[in-house]
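Participant: Read in our numbering, the sequence shown has 1019 at position 47, and its numbers run on one by one without any break. Below you'll find the structure I mean.
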Amino acid sequence: MEIDRKDTNILIGKRLREARTNMNKSKAEFAFLLDVTEEHYRKLEAGTTGLSADKILILYYTYGIDPTYLITGVSSNPKDFNLDYYVANSTKEQRDEFFDRVLAYLSRLIK
């Protein structure tokens, strides 16, 4: 299997942009987190420069962005999230935290 670095960087950049916009974060926020300039971050999303392993780990530990998804486009998480199963098998604290995060996410989307 031949892997083209340029095409790979473009696909990773596209997935990075999707993750950032899904979380309603700005390019400036991600640039700051990754300790790069906004111009450098723009190049990461455009795929003109590659995302290093340490930056991928920062995104994972800070925002929970799946490294496997960023690199391959395939999530390492289960494809079908079963809300009823999750709620039934969570502690009250886990459930409350989950719903707080969902409500916060929805609140950011409607602003």
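Note that beta-carbon positions come from the ideal geometry of N, C-alpha and C, so glycine has one too.
1. In its own chain, which residues sit with a C-beta less than 8 Å from the C-beta of I982, not counting the 5 before and 5 after it?
2. What did DSSP end up calling V1074 once you bin it into helix, strand or coil?
3. Considering only their Cβ atoms, is the gap separating L1023 from L1029 smaller than 7 Å?
4. Near L1002, which residues of its chain fall below 7 Å by C-beta distance, leaving aside the five closest residues on each side in sequence?
5. For L1031, which residues in the same chain have their Cβ closer than 6 Å to its Cβ, ignoring the five residues on either side in sequence?
6. Confirm, please, whether the CB-CB distance from E1011 to K999 is below 7 Å.
7. In three-state DSSP terms, what is D1026?
8. Please determine, among L1055, Q1066, L1042, S1047, the residue with the shortest C-alpha to C-alpha distance to G985.
Facilitator: A quick look at the data gives this:
1. The residues are A1018, G1019.
2. V1074 falls in the helix class under three-state DSSP.
3. For L1029 and L1023, no; Cβs fall outside 7 Å.
4. The sequence as given places Phe at residue 1002; Leu does not occur at that position. Excluding the 5 residues flanking it on each side, F1002 has same chain C-beta neighbours closer than 7 Å at R992, Y1013, in chain order.
5. Correct list, in chain order: I1037.
6. No; because the gap between Cβ atoms is not below 7 Å, this pair is not in contact.
7. Looking at D1026 - three-state DSSP - the assignment turns out to be helix.
8. Looking at L1055, Q1066, L1042, S1047, the one whose alpha-carbon comes closest to that of G985 is L1042.
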